[in-house]
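Those protein sequences? They're chains A and B, same order as listed.
Sequential numbering of the first sequence, starting at 4, is according to our numbering.
Sequential numbering of the second sequence, starting at 95, is according to our numbering.
Where a beta carbon is used, it is the ideal one built from N, C-alpha and C, also for glycine.
Contents: one structure, followed by commentary.
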Amino acid sequence: MDSHLTSDRVDMDDNETTTKFIVNGREYSLKIDNRYTLLDILRDHLRLTGAKKGCDLGECGACTVLLDGKVVNSCQILAARIKDKDIRTVEGLSQNETLHPLQLAFIENDGGQCGYCTPGFIMAAYPLFESEEELSTEEIKLSLAGNLCRCNAYGSIIDSVAYALEIKTNE
Amino acid sequence: MSEQSTHTPAVGTSYIRTDLEGKVLGTAEYTADIALPNMLHARVLRSPHPHANILGIEIGSATKLDGVFDVLTPFNVPEGKVAPDVPILDSRVRFVGDEVAVVAAVDIDQAKAAIDLIDVCYEVLPFSTNVHDSLNSASFPIHSEGNLVNGGPLIESRGSIKEGFDQADYVVEDSFTTPDHHPASLEPRAALASWDGTRLTVWKPSRGIHADKNILASALGLSPNNIAVVGPAMGAGYGSKDETRTSVMAALLSIRTGRPVKLELDREEEFLAGRRRHSTYTEIKMGLKKDGTITAVHAKTIMDTGAYLSSGPGVVRRAGQGILYLYKCANVKYEGQLVYTNTPTAGSYRALGAPQGHFALESLSDKASEILNMDPLEFRFKNHVGPEGQPGERTTPRNQIIDTQPVEGGVPFSSNELRQCLKLGAEAIGWDRRDYIENAAGPIRRGIGMSMFIYRGGPGGQSNAEISLDQDGLFTLNVGFMDVGEGSSTVVIQMAADTLGIPPAMVRINGGHTDKTPESPMTAGSTLTFSAGHAAMQAAKDLKDAIINASLKLIGLGDSEGLYLTPNGVKSKCGESISFLDIVHNAGPIKTLASVTPGSKDYIVNSFGAHFAEIEVDTETGHIEIIKYIAVHDSGRIINPRLAEGQVRGGVSQMMGFTFLEDMEIDPHSGVALNASFLEHKSPTIMEYPEIEVIFADSIDPIGPFGAKSLGEPPCIAPAPTIANALYHATGVRINDLPLTPDSVLLAMKNLL
Numbered sequence: 004m005d006s007h008l009t010s011d012r013v014d015m016d017d018n019e020t021t022t023k024f025i026v027n028g029r030e031y032s033l034k035i036d037n038r039y040t041l042l043d044i045l046r047d048h049l050r051l052t053g054a055k056k057g058c059d060l061g062e063c064g065a066c067t068v069l070l071d072g073k074v075v076n077s078c079q080i081l082a083a084r085i086k087d088k089d090i091r092t093v094e095g096l097s098q099n100e101t102l103h104p105l106q107l108a109f110i111e112n113d114g115g116q117c118g119y120c121t122p123g124f125i126m127a128a129y130p131l132f133e134s135e136e137e138l139s140t141e142e143i144k145l146s147l148a149g150n151l152c153r154c155n156a157y158g159s160i161i162d163s164v165a166y167a168l169e170i171k172t173n174e
Numbered sequence: 095m096s097e098q099s100t101h102t103p104a105v106g107t108s109y110i111r112t113d114l115e116g117k118v119l120g121t122a123e124y125t126a127d128i129a130l131p132n133m134l135h136a137r138v139l140r141s142p143h144p145h146a147n148i149l150g151i152e153i154g155s156a157t158k159l160d161g162v163f164d165v166l167t168p169f170n171v172p173e174g175k176v177a178p179d180v181p182i183l184d185s186r187v188r189f190v191g192d193e194v195a196v197v198a199a200v201d202i203d204q205a206k207a208a209i210d211l212i213d214v215c216y217e218v219l220p221f222s223t224n225v226h227d228s229l230n231s232a233s234f235p236i237h238s239e240g241n242l243v244n245g246g247p248l249i250e251s252r253g254s255i256k257e258g259f260d261q262a263d264y265v266v267e268d269s270f271t272t273p274d275h276h277p278a279s280l281e282p283r284a285a286l287a288s289w290d291g292t293r294l295t296v297w298k299p300s301r302g303i304h305a306d307k308n309i310l311a312s313a314l315g316l317s318p319n320n321i322a323v324v325g326p327a328m329g330a331g332y333g334s335k336d337e338t339r340t341s342v343m344a345a346l347l348s349i350r351t352g353r354p355v356k357l358e359l360d361r362e363e364e365f366l367a368g369r370r371r372h373s374t375y376t377e378i379k380m381g382l383k384k385d386g387t388i389t390a391v392h393a394k395t396i397m398d399t400g401a402y403l404s405s406g407p408g409v410v411r412r413a414g415q416g417i418l419y420l421y422k423c424a425n426v427k428y429e430g431q432l433v434y435t436n437t438p439t440a441g442s443y444r445a446l447g448a449p450q451g452h453f454a455l456e457s458l459s460d461k462a463s464e465i466l467n468m469d470p471l472e473f474r475f476k477n478h479v480g481p482e483g484q485p486g487e488r489t490t491p492r493n494q495i496i497d498t499q500p501v502e503g504g505v506p507f508s509s510n511e512l513r514q515c516l517k518l519g520a521e522a523i524g525w526d527r528r529d530y531i532e533n534a535a536g537p538i539r540r541g542i543g544m545s546m547f548i549y550r551g552g553p554g555g556q557s558n559a560e561i562s563l564d565q566d567g568l569f570t571l572n573v574g575f576m577d578v579g580e581g582s583s584t585v586v587i588q589m590a591a592d593t594l595g596i597p598p599a600m601v602r603i604n605g606g607h608t609d610k611t612p613e614s615p616m617t618a619g620s621t622l623t624f625s626a627g628h629a630a631m632q633a634a635k636d637l638k639d640a641i642i643n644a645s646l647k648l649i650g651l652g653d654s655e656g657l658y659l660t661p662n663g664v665k666s667k668c669g670e671s672i673s674f675l676d677i678v679h680n681a682g683p684i685k686t687l688a689s690v691t692p693g694s695k696d697y698i699v700n701s702f703g704a705h706f707a708e709i710e711v712d713t714e715t716g717h718i719e720i721i722k723y724i725a726v727h728d729s730g731r732i733i734n735p736r737l738a739e740g741q742v743r744g745g746v747s748q749m750m751g752f753t754f755l756e757d758m759e760i761d762p763h764s765g766v767a768l769n770a771s772f773l774e775h776k777s778p779t780i781m782e783y784p785e786i787e788v789i790f791a792d793s794i795d796p797i798g799p800f801g802a803k804s805l806g807e808p809p810c811i812a813p814a815p816t817i818a819n820a821l822y823h824a825t826g827v828r829i830n831d832l833p834l835t836p837d838s839v840l841l842a843m844k845n846l847l
């Protein structure tokens, strides 16, 4: 954590609680301001900036992460709700230098243009990759319907996710 | 020669986008992701009034608040300008959301708290939220020059429309409107500025770092040499992300406080203080002979530029180009008016005015073909502009480059495969069956429609590129343009690599920093493949010569004849070779800089295309479902098919928002934007994404780099008229006002009964 980012903060002791949580397998215990959202904590405190602030209103999906394995808009999760939770962000997908198959699939199928929505889409697709079920294109689309891409690279995003699922099945 | 061709060309292959890995890993850095030590956070106070004079601002309580470092107001900022009609801050506010004051504080919460403590005394002025009210002579002027920009319309014409209409057997006319269409890029505007006492560094989403540097210099009264602009990854902008106060305000706060300052707009602010596509009202008229020949085209467009001018003059001009040039016709006239209103500012947005102009023109063409009792496709085959260009006399002097938006006749195109596009699209959609579609009983009606377009083909301003063979035996392409997500860096690498005769993986790209790159045009007007491509090719050619010359001595040959580059180094016909590493170790790194102004003195360089759609209309709900969508483009040679296809599919889907959904609504009584959020400003999601088949015409442009022409914006031009024409075919209802919402479809059907 970069201490300079919080050193100046105006004293908000009344609102702060020490909270324990796990991000990408690493345990944190932080004194955090209860007014902050999980997205702010990830971006400003942990400097994990893969999740983006596209609207801060839960309308665009650019901040999508996993909370105990469930897809959430991290801008809609208040700090108080992450106590003892297991959080996974896009930064936690690749292992050492090896990309996750979903990440590879997005590269192979040109699943991103400006890339601002890409981490959110990949995290929204993650449970599909983990699922044992065989999914139709329509089901893939439904699972990603909460994420906006203003470049409208939707065709390549569908291709990317379908490709990742196919690779997994064939393995 | 045969030995030299052992290199596998990269041009024409789907080489993987060079910057995608960082984007999937989440490590690609966007402006808002960057943090500096001791950084302050800024927040803007915005006007609640659509039009008002600021008589005074009380900032005492705000500045006394803990952690507040500075407050900018119209009364304490320097006199510089961000744009000709936009001071750094102004004592007149012109739309709800206009900047009034800016606070810099230790964190965003303190900045917001300080904003609440600022007391502004406004003198509220009369306002107008639409062009018709603004043009009323009794209307209050929004700028000192009045509400009609330049006091009159832009007029472009060829031949005499009076003669043209006199020759006509029929005249067909109509009027059309298009909505305030917001790009709403997912990344809101942001800027981070850092002043070190002598030099300013600004990080911002940018489509032209060198142009942004000059804007900052002129606004702040600094020498451009004392400014560096850095363009991190950009969450897109589609042309819209410039000309705003954001970076200038952050820079000024940093200079005044001596600390780095970050200003991030929130989503609502991005809607209000960003830039939207100009809404338009167009009256258009076409003269026709009985045999279908077009004798005259005349259109008048009124565009709403909102509170400020931005790139309005360019947009209003481009809206006329289809009207002036898509159909072979001796007598054409376009008049474009640009009007101020007290609404958020309109500016550049992918394809500028072309979608608006083509919506009117291509809807009217379908009407014309109906009057002639002619198939709409046959009407286009008969009248589309051909490779020979327009009738008339060339007016550009022979020694000058032909404009990519010409009015004159007598100049041929460098390439024009519009006819091929029409044929390929008709085949792919199955146009032959159009007259025989049978609708089953029930509410669903099926229809097929099409439209075509013309657009500038890529030549832009002067473009520079620098390329080097480095110490590690690899190459670096040093360029000042910005890849804003369209993939220009990837295609430019492909072109440079092929010119050198080496694999693209051996070429790195370095960009995004004004100190480290030569000047380049903005990412605008679909120019990069063409302009930056030519510059990179020229630099690569020069580098190749320089490398061969350097290796002559090293190999011990007296003549460069027969030397060529391979992935391993320089080789001679006789089998001598030297590796790139050995070359740089002996001769040092080699660097070349090329400067080109691409274009042609003999030909118009334009891109073309035709789109076709088959749709189903539910006559009970007004819902339109796209069954099949075919986009055929003549963009010359395609450098990277996968990226090109992505541009077309994305562009078409983006314009489904314009066609069906998106309209930024301004309350006429208060000037307040009613839907400045993603929830209320509905955009296409993955659920609305239709299957889009992309076809590239077989075309190689003799002027373009590797035969390529423009592609970034062209996909956005034809979707709306294509769907509107299909709707008419399906139902007999022609809707002249976008977007084609279920409500408007139902209402139009009701009126038909």
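Checklist line | Top-ranked residue by Cα proximity to B/Leu901, from B/Pro808, B/Ile718, B/Gln741 | finding: In the structure as shown, chain B begins at 95 and stops at 847. Residue 901 of chain B is therefore absent and cannot be evaluated.
Check: Using the C-alpha atoms, what's the distance from B/Thr223 back to B/Pro144?
Finding: Spanning the two alpha carbons is a distance of roughly 8 Å.
Notebook entry, point to check: Hey, is B/Glu655's beta-carbon within less than 7 Å of any beta-carbon in chain A?
Noted result: At a cut-off of 7 Å between C-beta atoms, B/Glu655 does not count as an interface residue with respect to chain A.
Item checked: Residue environment, B/Gln450, which counts as buried when at least 16 other CB atoms sit within 10 Å -> By the 10 Å Cβ count, B/Gln450 comes out buried.
Next item on the list: Please confirm whether any heavy atom of the ligand MG lies closer than 6 Å to the CB of A/Leu102.
Entry: With respect to the ligand MG, the structure offers nothing, as it holds no ligand at all.
Next item on the list: May I have the straight-line CA-CA distance separating A/Ser32 from B/Pro813, to the nearest angstrom?
Entry: For A/Ser32 and B/Pro813, the distance between alpha carbons rounds to 53 Å.
Checklist line | B/His276 vs B/Met758 beta-carbon contact at 7 Å | finding: Yes.
Notebook entry, point to check: Is the beta carbon of A/Gly114 less than 7 Å from the beta carbon of A/Ile160?
Noted result: Yes, they are a contact pair.
Check: Where A/Ala108 and A/Glu100 are concerned, what is the direct C-alpha to C-alpha distance, given to the nearest angstrom?
Finding: Each residue's alpha carbon lies about 16 Å from the other.
Check: Could you give the C-beta distance for B/Leu159 and B/Ala208, rounded to a whole number, given that I count them as a contact under 8 Å?
Finding: Going by Cβ atoms, the distance from B/Leu159 to B/Ala208 rounds to 5 Å, so yes, they are a contact pair.
Next item on the list: Please name the residue in B/His607, B/Pro612, B/Gly524 whose C-alpha comes closest to that of B/Ser557.
Entry: In terms of Cα proximity to B/Ser557, the closest of B/His607, B/Pro612, B/Gly524 is B/Pro612.
Next item on the list: Indicate whether the contact test is met: 3 or more Cβ pairs, each with one atom in the segment 619-631 of chain B and one in the segment 585-595 of chain B, closer than 8 Å.
Entry: Yes, the segment 619-631 of chain B touches the segment 585-595 of chain B.
Next item on the list: Report the rounded CA-to-CA distance for A/Ser10 versus B/Val324, giving the unit in angstroms.
Entry: Residue placement at A/Ser10 cannot be trusted, given a pLDDT of 42 that sits under 50; the coordinates are not used to answer.
Margin query: Tell me which residues share the same chain as B/Leu568 and place their Cβ nearer than 7 Å to its Cβ, disregarding the 5 neighbours each side in the sequence.
Written below: By the criterion of a C-beta distance shorter than 7 Å, B/Leu568 is surrounded in its chain by Met600, Arg602, once the five residues flanking it on both sides are discounted.
Next item on the list: Output, in chain order, the set of chain A residues within a Cβ distance shorter than 8 Å of B/Pro277.
Entry: Within chain A, the residues near B/Pro277 are Arg153.
Item checked: Proximal residues of chain B, C-beta to C-beta of A/Pro122 below 7 Å -> From the beta-carbon of A/Pro122, the residues of chain B found nearer than 7 Å are Gly120.
Item checked: A/Pro130 and B/Gly120 closer than 7 Å at C-beta -> No Cβ-Cβ contact shorter than 7 Å links A/Pro130 with B/Gly120.
Next item on the list: Name the residue from B/Leu314, B/Thr713, B/Phe772 whose alpha carbon lies nearest to the alpha carbon of B/Ala871.
Entry: Here chain B covers residues 95 to 847 and nothing more, so residue 871 of chain B does not appear.
Next item on the list: Within 10 angstroms of the Cβ of B/Ser96, are there 16 or more other Cβ atoms? Answer buried if so, exposed if not.
Entry: Because B/Ser96 carries a pLDDT of 40, less than 50, the predicted location of this residue cannot be relied on, and no value is offered for it.
Next item on the list: Would you kindly work out how many angstroms separate the C-alpha atoms of B/Phe270 and B/Tyr264, rounded to a whole number?
Entry: Whole-angstrom Cα-Cα distance: 20 Å.
Notebook entry, point to check: Are B/Ala644 and B/Thr686 closer than 7 Å when you measure CB to CB?
Noted result: Between B/Ala644 and B/Thr686, the C-beta spacing is not below 7 Å.
Item checked: Beta-ladder partner(s) of B/Cys215, from DSSP -> According to DSSP, B/Cys215 bridges with B/Gly150.
Note to self: Does B/Asp837 pass the burial test, meaning 16 or more other C-beta atoms within 10 Å, or should it be called exposed?
What the structure shows: If you draw a 10 Å sphere on the C-beta of B/Asp837, you find fewer than 16 other C-beta atoms in it, and that means exposed.
Checklist line | Simplified DSSP assignment, three categories, for B/Asn320 | finding: B/Asn320 falls in the helix class under three-state DSSP.
Next item on the list: Using DSSP bridges, identify the partner residues of B/Val573.
Entry: DSSP output for B/Val573 lists B/Ala559 as bridge partner(s).
Checklist line | Endpoints, beta strand (DSSP E) assigned at A/Ser159 | finding: Per DSSP, A/Ser159 belongs to no beta strand (DSSP E); it is in the alpha helix (DSSP H), 157-173.
Notebook entry, point to check: CB-CB under 7 Å to B/Val162, same chain, minus the five flanking residues each way: which ones, in chain order?
Noted result: Cβ neighbours of B/Val162 beyond the five flanking positions: Ala156, Val197, Ala199, Gln204, Ala208.
Next item on the list: Give a yes or no on whether 7 Å exceeds the smallest Cβ distance from B/Phe163 to chain A.
Entry: No, B/Phe163 does not count as interfacial toward chain A.
Check: Which residues in chain B sit within 9 Å of A/Gln98, going by Cβ to Cβ distance?
Finding: Those within 9 Å of A/Gln98 in chain B number zero; the least Cβ separation is about 12 Å.
Notebook entry, point to check: Of all the options B/Glu429, B/Leu357, B/Thr753, which has the alpha carbon lying nearest to the alpha carbon of B/Gly245?
Noted result: Comparing Cα positions, the closest option is B/Glu429.
Margin query: Can you check whether the C-beta of B/Asp52 is within less than 7 Å of a C-beta belonging to chain A?
Written below: The displayed coordinates of chain B run from 95 to 847. Any statement about residue 52 of chain B would go beyond what the structure contains.
Notebook entry, point to check: B/Lys93 and B/Thr439: beta carbons closer than 7 Å?
Noted result: One cannot answer for residue 93 of chain B here, as it falls past the ends of chain B, which runs 95 to 847.
Next item on the list: Sort B/Leu458, B/Val176, B/Glu739, B/Leu755 by Cα distance to B/Ile388 and report the nearest one.
Entry: Considering only alpha carbons, the answer is B/Leu458.
Next item on the list: Rounded to whole angstroms, what's the CA-CA distance from B/His237 to B/Val176? Just pull it up for me.
Entry: A direct Cα-to-Cα measurement between B/His237 and B/Val176 gives close to 16 Å.
Notebook entry, point to check: How many Å lie between A/Met4 and A/Thr22 at the Cα?
Noted result: At A/Met4 the pLDDT is 36, less than 50, meaning the model places this residue with poor confidence and gives no usable figure here.
Checklist line | chain A within 7 Å of B/Ile349, Cβ atoms only | finding: Residue-level contact check: B/Ile349 does not touch chain A, since none of the beta carbons of chain A fall below 7 Å from its beta carbon.
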